[in-house]
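Heads up, the thing below is written out as structure tokens.
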Amino acid sequence: MNINKNFDNLVPNYLFAEIAKRVTDYQTANPDKDIIRLGIGDVTLPLAPAATEALKKGADDLSKKETFKGYPDYEGYEFVRKAVSDYYKSFGVEISPDEILISDGAKSDCGNIGDIFGADNIVLVTDPVYPVYVDSNIMSGRSIIYADCNKYNNFKAMPDKNIHADIIYLCSPNNPTGAAYTKDELKAWIDYAMENDAVILYDSAYEAFITEDLPRSIFAVEGARHCAVEFCSLSKTAGFTGTRCGYTIIPKELERDGHNIYKLWYRRQATKFNGVSWPVQCAAAAVFSEEGQKQIQVNLSYYRENAKIISQALDELGIYYTGGKNSPYIWLECPNGMGSWEFFDLLLTKANVVGTPGAGFGKNGEGFFRLTSFGDRDKTIEAVKRLKDFLS
Ligand code: PLP
89 MNINKNFDNL
99 VPNYLFAEIA
109 KRVTDYQTAN
119 PDKDIIRLGI
129 GDVTLPLAPA
139 ATEALKKGAD
149 DLSKKETFKG
159 YPDYEGYEFV
169 RKAVSDYYKS
179 FGVEISPDEI
189 LISDGAKSDC
199 GNIGDIFGAD
209 NIVLVTDPVY
219 PVYVDSNIMS
229 GRSIIYADCN
239 KYNNFKAMPD
249 KNIHADIIYL
259 CSPNNPTGAA
269 YTKDELKAWI
279 DYAMENDAVI
289 LYDSAYEAFI
299 TEDLPRSIFA
309 VEGARHCAVE
319 FCSLSKTAGF
329 TGTRCGYTII
339 PKELERDGHN
349 IYKLWYRRQA
359 TKFNGVSWPV
369 QCAAAAVFSE
379 EGQKQIQVNL
389 SYYRENAKII
399 SQALDELGIY
409 YTGGKNSPYI
419 WLECPNGMGS
429 WEFFDLLLTK
439 ANVVGTPGAG
449 FGKNGEGFFR
459 LTSFGDRDKT
469 IEAVKRLKDF
479 LS
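Residue numbers (this note's numbering): 89 to 480.
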């Protein structure tokens, strides 16, 4: 037998293992030091009460014959899809419930969507990049081209008409840079996709962090229904990183190469995925209820305030950064021309603060560094104080 040789082309991802190693080594040598972690991409606050109540009720339903549920619908229960559709309506975007497919999260959908596209398509990702887009396409043997994000375009790459791509991954607000596209910028990508007969795979996992007048969905932009698929998730919106629930939106009219994209994805899901459990779908619907929406704002505001505390310190220090607003991530330029890992080591050993070296997200991440707002408030304040003491 043969294995899929494309796996040989994956670049080993040592980023988080290397961070953990350096932190453990330092802590072992300096057991008295209080290390603060601002590198984490996971949420830390609990689920909203409306979600946990719905989870419990959903579990109770499974314990009685009359309310027991077996396999769910492949595309998710209608009431959950309707709840997502109403949520989109609340910020002015019309999506029909039958264009929404509920899943166990955005990571799986972003990675699995490749099943419906040919292996010879050219994939475009922006660099720095959420590694899932790259690795899942390498596994399928596709060629990848990189659109540079840097200080000169404020970490928002724009299309180059001289370069052809078939599949375009966009993530806005972005992980890791926190940069968020405007409507006009997304329109330029939509026009480019249409000219290239391409599909945009739009990851809006951080849309709930948008506070300014920026699109929360690519479908807020004219023309997107003819070229885009959107992935979103309750992971960062409502703390579902461990609970697992997301959704993918595919306009019914989206066609490529004589095929309907919704139908292909439905077929793929029906073949390889058996749906999200009843209690979790109940919890997801509860997040979109009036009460749930109010409750999740409490956590979102907490993270936003943390982001503000970090951003204000960087403003005071005169350090260039993107994100912080409309995003839980703050992407800063390492001071004094330092490399990402050099800054990581210095920050760890001199300020006992841990962040994520930008170099781990692609070549344009070198010289940059990611801090997150998902930590504890007091620790964030203390970390920022140390950062200021150390850098000023
Ligand atoms: N998309 C982006 C850009 C992310 O940063 C993450 C998680 O960090 C995900 C998707 C994963 O989302 P989920 O937890 O729904 O799989």
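For each residue, glycine too, the CB sits at the ideal point set by N, CA and C.
Rounded distance between the beta-carbons of residue j and residue i, thought under 8 Å
| i | j | result |
| --- | --- | --- |
| Ser191 | Val364 | 7 Å |
| Ala395 | Ser461 | 4 Å |
| Ile337 | Glu343 | Going by Cβ atoms, the distance from Ile337 to Glu343 rounds to 16 Å, so no, they are not a contact pair. |
| Pro134 | Gly327 | 7 Å |
| Ala296 | Ile256 | Rounded, the Cβ-Cβ distance is 23 Å, inconsistent with contact. |
| Gly146 | Pro367 | 3 Å |
| Asp148 | Gly450 | The Cβ separation is near 46 Å, so there is no contact. |
| Asn498 | His252 | Outside the modelled stretch of the chain, which goes from 89 to 480, sits residue 498, for which no answer is possible. |
| Gly193 | Ser321 | 5 Å |
| Ile232 | Val222 | 6 Å |
| Gln369 | Val168 | 5 Å |
| Lys144 | Leu150 | That belief does not hold up - the Cβ atoms of Lys144 and Leu150 are roughly 11 Å apart, past 8 Å. |
| Ile278 | Val309 | 6 Å |
| Tyr390 | Arg465 | 7 Å |
| Ala142 | Ala312 | The Cβ separation is near 31 Å, so there is no contact. |
| Asn414 | Leu302 | 6 Å |
Inter-residue spacing [alpha-carbon to alpha-carbon] between residue i and residue j
| i | j | result |
| --- | --- | --- |
| Thr437 | Tyr114 | 7 Å |
| His314 | Glu300 | 26 Å |
| Arg474 | Lys467 | 10 Å |
| Val131 | Ile418 | 15 Å |
| Tyr218 | Ser399 | 22 Å |
| Ala268 | Thr155 | 43 Å |
| Thr116 | Asn440 | 13 Å |
| Ser196 | Ser480 | 43 Å |
| Asp248 | Asn263 | 22 Å |
| Ile288 | Gly406 | 36 Å |
| Tyr354 | Ala471 | 46 Å |
| Ala372 | Ala139 | 7 Å |
| Gly411 | Phe457 | 12 Å |
| Asn101 | Ala358 | 31 Å |
| Glu187 | Asp345 | 20 Å |
| Cys198 | Asn225 | 10 Å |
| Lys244 | Lys109 | 32 Å |
| Gly265 | Asn200 | Reading off the sequence, residue 265 comes out as Thr, not Gly. Looking at the two C-alpha atoms, the distance is approximately 24 Å. |
| Cys237 | Asn452 | 7 Å |
| Gly435 | Leu352 | Correcting the residue type first, residue 435 is Leu in the shown sequence and not Gly. Distance between the alpha carbons of Leu435 and Leu352: 48 Å. |
| Lys324 | Tyr294 | 6 Å |
| Asn97 | Met227 | 8 Å |
| Pro416 | Asp254 | 30 Å |
| Asn94 | Pro119 | 43 Å |
| Phe179 | Asp122 | 43 Å |
| Ser428 | Lys239 | 15 Å |
| Gly229 | Met246 | 25 Å |
| Leu388 | Leu420 | 22 Å |
| Gln385 | Phe205 | 37 Å |
| Glu477 | Ala401 | This sequence places Asp at residue 477; Glu is not what is there. Computed Cα separation, rounded: 11 Å. |
| Ala171 | Thr444 | 35 Å |
| Tyr176 | Glu379 | 17 Å |
| Ala447 | Glu166 | 43 Å |
| Asn241 | Asp203 | 32 Å |
| Ile532 | Ile124 | Any property of residue 532 remains undetermined from this structure, which presents the chain solely from 89 to 480. |
| Gly127 | Lys152 | 44 Å |
| Leu189 | Val211 | 23 Å |
| Tyr409 | Gly425 | 14 Å |
| Ile298 | Phe104 | 27 Å |
| Asp484 | Gly463 | Residue 484 is absent from the structure shown; the chain starts at 89 and stops at 480. |
| Val181 | Pro261 | 17 Å |
| Glu404 | Leu459 | 16 Å |
| Thr329 | Phe319 | 15 Å |
Bridge-paired residues (DSSP) for residue i
| i | result |
| --- | --- |
| Val168 | DSSP lists no partner for Val168. |
| Arg125 | Val442 |
| Asp291 | Cys259, Phe319 |
| Arg458 | Trp419, Thr444 |
| Leu212 | Ile233, Ile256 |
| Leu189 | Thr336 |
Jot down the residue ranges of each uninterrupted alpha helix (DSSP H) in the segment 306 to 369, minimum 4 residues, whole runs only, in chain order. 323 to 326, 349 to 360
Kindly provide the ranges of any beta strand (DSSP E) runs that are 3 or more residues long and lie completely inside the segment 215 to 248, ordered along the chain. 231 to 236
Beta strand (DSSP E) segments (min. 3 residues) lying fully within the segment 393 to 448: 409 to 411, 417 to 421
What ranges does the alpha helix (DSSP H) occupy inside the segment 93 to 117, keeping only unbroken runs of at least 4 residues that lie completely in it? 103 to 117
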